[in-house]
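The sequence shown begins at 389 in my numbering and counts up one residue at a time.
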Amino acid sequence: MNVETALKEATTVIDGAIGAALVDYGSGMALGTVGGGKELDLGVAAAGNTDVVRAKVRTMEMLGLKDEIEDILITLGGQYHLIRLMKGRGSSGFFLYLALDRGRANLAMARHQLKKIEAELEI
């Protein structure tokens, strides 16, 4: 599935989704966004979360951890922000970003569905 289809699926299939983006964490640029709006600027979120991913990758290297990051969860009072690093062939260096309304989202299901969308996404 292409980027636009994957992001639309993320925001329609996943309960509580506010917005989604596919981000190149080399540049910090969003390659695609769906949702967001005045409450959530996905361009700013993409750039800011790139710093989060880079910091975590650097920290793992400094600690000598030979493991892969599956996802990073940021919990706010009213939202979950889920960052899923992509692993597929040709997709390293990218992450899926999903913002969820904490009151309507099922975090376990959102993680499961985002993993499924990642597996079907072709960049």
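Backbone N, C-alpha and C define an ideal beta-carbon position, used for all residues, glycine too. Computed from a predicted model, the values in this text were never measured in an experiment.
Under 7 Å Cβ to Cβ from Val401, same chain only, skipping five residues before and after it: list those, please.
Gln501
Worksheet item: What residue does the alpha helix (DSSP H) around Asp439 start on, and which one ends it?
Response: Leu430 to Leu451
Exercise. Is there contact between the region 480-489 and the region 409-420, where contact requires at least three CB pairs shorter than 8 Å?
Worked result: yes
Can you grab the Cα-Cα spacing for the pair Gly423 / Leu395, in whole Å?
-> 9 Å
Candidates Glu397, Ala433, Val391 and Leu470: which alpha carbon is nearest Leu419's? Val391
* Asked: Going by alpha carbons, who is nearest to His386 out of Met417, Glu397, Gly481 and Val441?
  -> As shown, the chain starts at 389 and ends at 511. That puts residue 386 outside it, with no answer to give.
ask   = Looking at Gly465 and Asp489, is the spacing between their C-beta atoms short of 8 Å?
value = no
**Study point:** Identity of the residue in Gly452, Thr438, Met450 and Leu451 nearest Asp459 by Cα
**Key:** Thr438
Hey, how far is the Cα of Ile406 from the Cα of Thr399?
7 Å
Residues that Gln467 bridges to, as DSSP identifies them:
Asp489
Note to self: For the ligand SAH, I want to know if Leu453 counts as a neighbour, meaning its beta carbon is within less than 7 Å of at least one of the ligand's heavy atoms.
What the structure shows: Annotation note on the ligand SAH: not contained in the displayed structure, which lists no ligands.
Discussion item. I need the DSSP call for Leu410, collapsed to helix, strand or coil.
Written reply: strand
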